[in-house]
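**Student:** Protein chains in written order, with the numbering used here: chain A, 1 to 379; chain B, 1 to 223; chain C, 1 to 387.
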Amino acid sequence: MKFMRLIWVNLLRNKRRTVLTALSVTVALFLFATLRSVVTALDAVSEVGSETRLITRSATGITFALPQSYFERLRAQEGVRSVSWANWFGGVYIDASNFFAQFAVDQESYLAMYPEMAIPEDQKQAFFRERTAALVGSGLMERFGWSLGQNITLQGTIFPGDWEFSIRAVYVPEDPSFGDQMFFFHYDNLYEGVNGNIMPGWYVVQLEDPAAAPTVINQIDRMFENSSNPTKTETERAFNAGFVTMWGNIGFLVRAIGTAVFFAILLVAANTMMMAGRERIGENAVLKVLGFQDGLLFRLVLVESVLITVLGGALGVFGSKLLFGPNNFVNAFIPGFEVEWSTVLLGLAMAVTLGVVSGIVPAWQAMRLPVIQALRRVA
Amino acid sequence: MPLVEIKDLAKVFYRDSQRIPVFDGVNLEMEQGEFLSLMGPSGSGKSTLLHLLAGLDKPTAGRIVVGGADVTGMKRRQLAAWRAHHIGFVFQFYNLLPVLNAYQNVELPLLLTELTGRERREHVMTALGVVGLSDRAEHYPRQLSGGQEQRVGIARAIVSDPTILLADEPTGDLDAKSADEILTLLQRLNEEFNKTILMVTHDAHAAERAHAVMHLDKGVLSR
Amino acid sequence: MKIPIIYNIRSLKERPVSTLTTAAGMSLVVAVFVAMMALASGFHAALVKSGSPDNVLVLRKGANAEMYSGITRSTANTIAGMPFVARGADNQPLTSPEVFVVIGLNRLTGGLANLVVRGVSPRAMQVRRGIEIIDGRELRPGASEILVGEKIIDRFANTGIGETLSFGGRDWTVVGHFSAGGSAFESEIWAENEQVMPVFRGEVFQSVTFRMADPSSFDGIKQTLEDDPRLFLDVFRESEFYQNQSVILTQILNFIAVFIAGVMAIGAVFGAINTMYAAVASRAPEIAVLLTLGFKPGHVRSSFLIEAVFIALLGGILGCILALPINGLVTSTTNWNSFSEVAFAFRVTPNLLVSGLVFAVAMGFIGGFFPALKASRQPVVVALREA
């Protein structure tokens, strides 16, 4: 476009102002992309749960266990392929601030149900063989600098005492949202450690056909409805989503902050464009005398404004994409935290919007500029 | 048929509902290739007449026809396009864009045409050559003297080969020597290139360089 | 010889659009800052207020949280008999052995929430100060009755007085609503410990809370109880116990507040720099006149700095006003120590408002610094020529 040079020299006319404005859009969109990624990552966590697995837990509350006898009764249900169970261990590694999730699982049936965890076959067998063996996520290994074969001790909170484990296997999640910070060990180990004074925390039920989920859920909960341990069954996806909502209304918080960021930067950009507009009243009048159409001037100002915000915004969103690509340092806290391409696109769209909105007033003013009065001001 | 025909032109300004007539019933005809200068005390409406002729302002009454086109009947959009082709405007304070060099300033009106980059280059260099500034193409306005700036301004005015050249006090901000150079240049444009020129000035010496001097005073135009 | 401030005010009035957009941009930064800090402060306050420095909370050794703990009736009785336990008017020990369970209840807005059901002793209201029945009456011993915390009432069905809630395989009649000074207790359901115990966990309490006869002797009490191998206990000052539960999340929230506001502030400061440079440029001739009149560069510098800070302060005040309405707004999150929901109110404290203003002033100062420097270093002659 032959007018590009005119726009470009106008951008460079006050380099400091242009750069500062673009950079303010940069930081704003960096913030936007980062915040939105928190939401998309949490959404991904809610969705990583399988639709073909159900979680059956006590209807009374999250901390209540279910009888061992439920295992056979669940397995006998129509539409159920296999059943496993797990317990929350809640141990402390050295200090309470080193939090990570620990599960006692019925190892063989459990791993058979979770192909999401990629484990070398020899390690898997080693994990099965030894009662005190532990299976650890690759991210957790990295976080504490553990190595295969190492012994580590957890202090029990729910189950008192010191518990020693040998790391025999490491898993890598197929999907980062699954999380690579988990710790698994044998349910038998826990059972013996507390002298059999324990029951399964929850059951995992593998369905024959995901479409049958509502029916099976209904069957299970009806079966135990009038027992002393009624159950609450839902798909694993719904169960995970429930956990995410426990944090509170993060989506709303992020939207509110995002809106504030957008408007704060809109004001900065609009102020710049208005300053630029005021400075150029005379020049725009001259261009009109030379025969520049009103519409052309309108577009020139708008393109200039959009150029500033898009250049700045692109730097921000691509910067965040670069910083928070796959396997970034935040993944230890939020599994699968990553700036998605949809966020990049949305960020760029926001940058364009910023440019259009902040440029529209000065562009309108340039278009409606009364030439004669403006010329008199120049003279 | 004359190139420029002004018939019964009237212009009234309104300031705070007060009616300020500038002139009423002005008539003027200009032939192709004519070089006229227009004199008159300040506030007599010289510049207003020029603005009306360039289609920058609307008359209260009357008609302006330039090269067969009725300027007074055109809409804003049409006027801008028409101006780009038919009017070359020279300002008292040059009004070059400080962020563009001489070449780019002269090229501006050509951006509104369908010309290719190469064609534009030829036209711009020709125009700069005519005003004698071929070697200053890369200079920015602040690197040029006032006389040179005005010559760039003239190059910009002639680059699209307009029907008529309108100059609003082109020597008003220049020293005597530079002013003389500019006037000589305008004369040359008129003689060598057969340019039709209307020049507003309040300098009698400058006015005399034209074929004829007109006076606008108290709303009356006299030859 | 200072340049009068009225001079700055007048110059701000001459560029109202620029001044207001800059101030408004900063106001949004300050509003976000104050709002986020108010969120952190509200959560922190809810947990801190739950504990009293006069009370001691006792858990099984290593349990860390009430949910994981278990204390036998005999241990609870042993503690009640200790001499350092304060006694009430009837000379009975002020102690509350409690059952702590987390149950699932459906929110009115949908979704399952985890709520604390606390089985308390009839003396719990005396042990803990600040618990107030705002509606209805106290629990009757031996009855299947519950008190519902104020923050639960509006968000869950069947919590009105006289209504019945079902959990643990039993029906419980709501006989009262209580407030607890905005603390996390307001997100709990209270029943009598002897009623809750058999329904859920069998013959065991989760914690014992008692009032100290002499709060200053806490260290001695802690040592006495923790050193007794038969008891196998961890002992906390109640206030510190709850404060510790809030530490991590409060730190995270504070960090997020500073991070977000900090990043936003960079953008706003850039805007302020633009505005101030424009102000300096447009007033070059005036600056030259001031310098010629004998004002020192330092005066010019501080004059422009004051102007920048003034714009920022305007934004700061506006931001505080924007953030004020969220004060008292109730939101909820999870106390991960007990996996239970805590509802709490945003707390916009005077201290927070002051930090908001300080934040704004800092933005103004940084934004105005270089433009002010430039103004003061402007060569007089050049400036005058341009005038």
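Cβ atoms here follow ideal geometry from the backbone N, Cα and C, with glycine treated the same way.
Predicted model only: the values in this text are computed from it and were never measured.
Could you pull the start and end residues of the alpha helix (DSSP H) that B:Trp82 belongs to?
**Tutor:** For the purposes of this step, residue 82 of chain B is identified with residue 82 of the second sequence, where counting begins at 1. From DSSP, the alpha helix (DSSP H) with B:Trp82 extends over 76 to 86.
**Student:** At 8 Å on the CB atoms, spell out the chain B contacts of A:Leu290, in chain order.
**Tutor:** Taking the first sequence and counting its residues from 1, one reaches residue 290 of chain A at position 290. The contacting residues are Arg83, Ala84, Phe89, Leu108, Pro109, Leu112, Arg156.
**Student:** Report the start-end ranges of each alpha helix (DSSP H) in the stretch 162 to 241 of chain A that is 4 residues or longer and not cut off at the edges.
**Tutor:** Counting whole runs of 4 or more residues, the stretch 162 to 241 of chain A contains the alpha helix (DSSP H) stretches 187 to 193, 213 to 224.
**Student:** So the candidates are A:Thr18, A:Asn327, A:Thr259; which of them puts its Cα closest to the Cα of A:Glu338?
**Tutor:** By 1-based counting over the first sequence, the position of residue 338 of chain A is 338. The shortest Cα separation from A:Glu338 among A:Thr18, A:Asn327, A:Thr259 belongs to A:Asn327.
**Student:** Cα separation between A:Gly381 and C:Gly368?
**Tutor:** Coverage of chain A is limited to positions 1 through 379, which leaves residue 381 of chain A absent and any answer about it impossible.
**Student:** Output the boundary residues of the alpha helix (DSSP H) element that contains A:Arg73.
**Tutor:** Taking the first sequence and counting its residues from 1, the one referred to as residue 73 of chain A is at position 73. Residues 70 to 75.
**Student:** Sorted by chain position, which residues of the same chain lie with C-beta nearer than 6 Å to B:Tyr140's C-beta, five sequence neighbours on each side aside?
**Tutor:** Sequence index remark: in the second sequence, residue 140 of chain B carries index 140 (1-based). These residues qualify, in order along the chain: Asn101.
**Student:** Quick one: list the residues of chain B neighbouring A:Val371, beta-carbon separation under 7 Å, in chain order.
**Tutor:** Start at 1 with the first residue of the first sequence, and residue 371 of chain A comes out as number 371. Residues of chain B passing the Cβ test: Leu56.
**Student:** Please classify C:Ala45 as buried or exposed, where buried requires at least 16 neighbouring CB atoms within 10 angstroms.
**Tutor:** Translated into the one-based positions of the third sequence, residue 45 of chain C becomes position 45. Answer is buried; the Cβ neighbour count reaches 16.
**Student:** Could you pull the start and end residues of the beta strand (DSSP E) that C:Arg391 belongs to?
**Tutor:** In the structure as shown, chain C starts at 1 and stops at 387, and residue 391 of chain C therefore has no counterpart that could be examined.
**Student:** Which same chain residues end up closer than 8 Å to A:Glu130 when comparing Cβ atoms and leaving out the 5 residues on each side of it in sequence?
**Tutor:** Here residue 130 of chain A corresponds to residue number 130 of the first sequence, with the count starting at 1. For A:Glu130, where only same-chain residues beyond five positions count, the Cβ hits under 8 Å are Ser166, Arg168.
**Student:** Roughly how many whole angstroms lie between the Cα atoms of C:Phe200 and C:Val101?
**Tutor:** As a working mapping, residue 200 of chain C is identified with position 200 in the third sequence. As a working mapping, residue 101 of chain C is identified with position 101 in the third sequence. Approximately 8 Å between the Cα atoms of the pair.
**Student:** Quick check: the stretch 296 to 313 of chain C against the stretch 341 to 353 of chain C, are at least 3 beta-carbon pairs closer than 8 Å?
**Tutor:** Contact between the stretch 341 to 353 of chain C and the stretch 296 to 313 of chain C is absent, because fewer than three Cβ pairs lie under 8 Å.
**Student:** Any C-beta of chain A sitting closer than 9 Å to the C-beta of C:Met363?
**Tutor:** Position 363 of the third sequence, counting from 1, holds the residue named residue 363 of chain C. By this cut-off, C:Met363 is not an interface position.
**Student:** Suppose you measure from the CA of A:Phe159 to the CA of A:Thr153; what does that come to, to the nearest Å?
**Tutor:** In the first sequence, the residue the question calls residue 159 of chain A occupies position 159. In the first sequence, the residue the question calls residue 153 of chain A occupies position 153. Each residue's alpha carbon lies about 13 Å from the other.
**Student:** Name the DSSP bridge partner or partners of C:Thr173?
**Tutor:** Numbered from 1 along the third sequence, position 173 holds the residue referred to as residue 173 of chain C. DSSP output for C:Thr173 lists C:Glu145, C:Thr164 as bridge partner(s).
**Student:** Could you tell me whether the Cβ atoms of C:Ser239 and C:Pro53 are closer together than 9 Å?
**Tutor:** Numbered from 1 along the third sequence, position 239 holds the residue referred to as residue 239 of chain C. Numbered from 1 along the third sequence, position 53 holds the residue referred to as residue 53 of chain C. Yes, the pair counts as a contact, with Cβ atoms nearer than the cut-off.
**Student:** Strictly under 9 Å for the Cβ-Cβ distance: is B:Ala167 near chain A by that measure?
**Tutor:** Along the second sequence, one-based indexing puts residue 167 of chain B at 167. No, no contact with chain A.
**Student:** First and last residue of the beta strand (DSSP E) that includes A:Ser58?
**Tutor:** Within the first sequence, residue 58 of chain A is the residue found at index 58, counting from 1. Taken as a continuous stretch (DSSP letters only), the beta strand (DSSP E) holding A:Ser58 covers 53 to 58.
**Student:** Exposed or buried, what is C:Asn193 when buried is set at 16 or more other beta-carbons lying within 10 Å of its beta-carbon?
**Tutor:** The count along the third sequence starts at 1 and reaches residue 193 of chain C at position 193. Burial call: buried.
**Student:** Quick check on the DSSP output: the beta strand (DSSP E) that includes C:Lys49 runs from which residue to which?
**Tutor:** Numbered from 1 along the third sequence, position 49 holds the residue referred to as residue 49 of chain C. Run containing C:Lys49: none; DSSP gives neither H nor E here.
**Student:** With DSSP run on the structure shown, which of helix, strand or coil describes C:Lys2?
**Tutor:** Within the third sequence, numbered from 1, the residue matching residue 2 of chain C stands at position 2. Residue state, collapsed to three classes: coil.
**Student:** Taking C:His299 as part of the alpha helix (DSSP H), name the residues at either end of that continuous run.
**Tutor:** Your numbering for residue 299 of chain C matches position 299 in the third sequence. Its alpha helix (DSSP H) spans residues 297 to 323.
**Student:** Go ahead and label B:Phe193 buried or exposed: buried means 16 or more other beta carbons lie within 10 angstroms of its beta carbon, across all protein chains shown.
**Tutor:** Position 193 of the second sequence, counted from the start, is the residue given in the question as residue 193 of chain B. The residue is exposed, with fewer than 16 neighbouring Cβ atoms inside 10 Å.
**Student:** Can you tell me which of C:Thr159, C:Gly136, C:Thr75 puts its alpha carbon nearest to the alpha carbon of C:Trp388?
**Tutor:** Any answer about residue 388 of chain C is impossible in this case: the structure gives chain C only from 1 up to 387.
**Student:** Over the uninterrupted beta strand (DSSP E) stretch that includes B:Lys17, give me the two end residues.
**Tutor:** Here residue 17 of chain B is taken as the residue at index 17 of the second sequence, counted from 1. It is Ser, not Lys, that sits at residue 17 of chain B in the sequence shown. Note, B:Ser17: premise wrong, no beta strand (DSSP E); not H, not E.
**Student:** Using DSSP's beta-bridge definition, name the partner residues of B:Val26.
**Tutor:** Within the second sequence, residue 26 of chain B is the residue found at index 26, counting from 1. For B:Val26, which the question treats as bridged, DSSP gives the partners B:Leu9.
**Student:** Between the C-alpha atoms of A:Leu20 and C:Leu115, what's the straight-line distance to the nearest angstrom?
**Tutor:** Taking the first sequence and counting its residues from 1, one reaches residue 20 of chain A at position 20. Taking the third sequence and counting its residues from 1, one reaches residue 115 of chain C at position 115. Cα-Cα distance, rounded: 50 Å.
**Student:** If you check the beta carbons only, do C:Asn55 and C:Met197 fall under 9 Å apart?
**Tutor:** Position 55 of the third sequence, counting from 1, holds the residue named residue 55 of chain C. Position 197 of the third sequence, counting from 1, holds the residue named residue 197 of chain C. Not a contact, by the Cβ cut-off of 9 Å.
**Student:** Does chain A have any CB closer than 9 Å to the CB of C:Leu293?
**Tutor:** Walking along the third sequence from the start, residue 293 of chain C turns up at place 293. No, C:Leu293 does not count as interfacial toward chain A.
**Student:** Taking CB distances under 9 Å as the criterion, tell me whether A:Gly282 reaches chain B.
**Tutor:** Here residue 282 of chain A refers to the residue found at position 282 when the first sequence is read from its first residue. It does: the Cβ of A:Gly282 has a partner Cβ on chain B nearer than 9 Å.
**Student:** May I ask which residues mark the beginning and end of the beta strand (DSSP E) holding B:Leu36?
**Tutor:** Reading the second sequence from its first residue, position 36 is the one you call residue 36 of chain B. Counting along the chain, the beta strand (DSSP E) containing B:Leu36 begins and ends at 35 to 39.
**Student:** Just how far apart, CA to CA, sit B:Leu189 and B:Ser134?
**Tutor:** To locate residue 189 of chain B, count along the second sequence from 1; it is residue 189. To locate residue 134 of chain B, count along the second sequence from 1; it is residue 134. If I take the Cα positions, the gap works out to 17 Å.
**Student:** Assign B:Tyr14 to buried or exposed, taking buried as 16 or more other Cβ atoms, counted over all protein chains shown, within 10 Å of its Cβ.
**Tutor:** As a position in the second sequence, residue 14 of chain B is number 14, starting the count at 1. Exposed is the call here.
**Student:** Which parts of the stretch 92 to 130 of chain B are runs of the alpha helix (DSSP H), unbroken and 4 residues or longer, counting only runs that do not cross its ends?
**Tutor:** Correct list: 102 to 107, 117 to 130.
**Student:** Apart from the five residues just before and just after A:Ala28, which ones in its own chain have a Cβ nearer than 6 Å to its Cβ?
**Tutor:** For the purposes of this step, residue 28 of chain A is taken as residue 28 along the first sequence, with counting starting at 1. Taken in chain order, the residues that qualify are Val261, Ile265.
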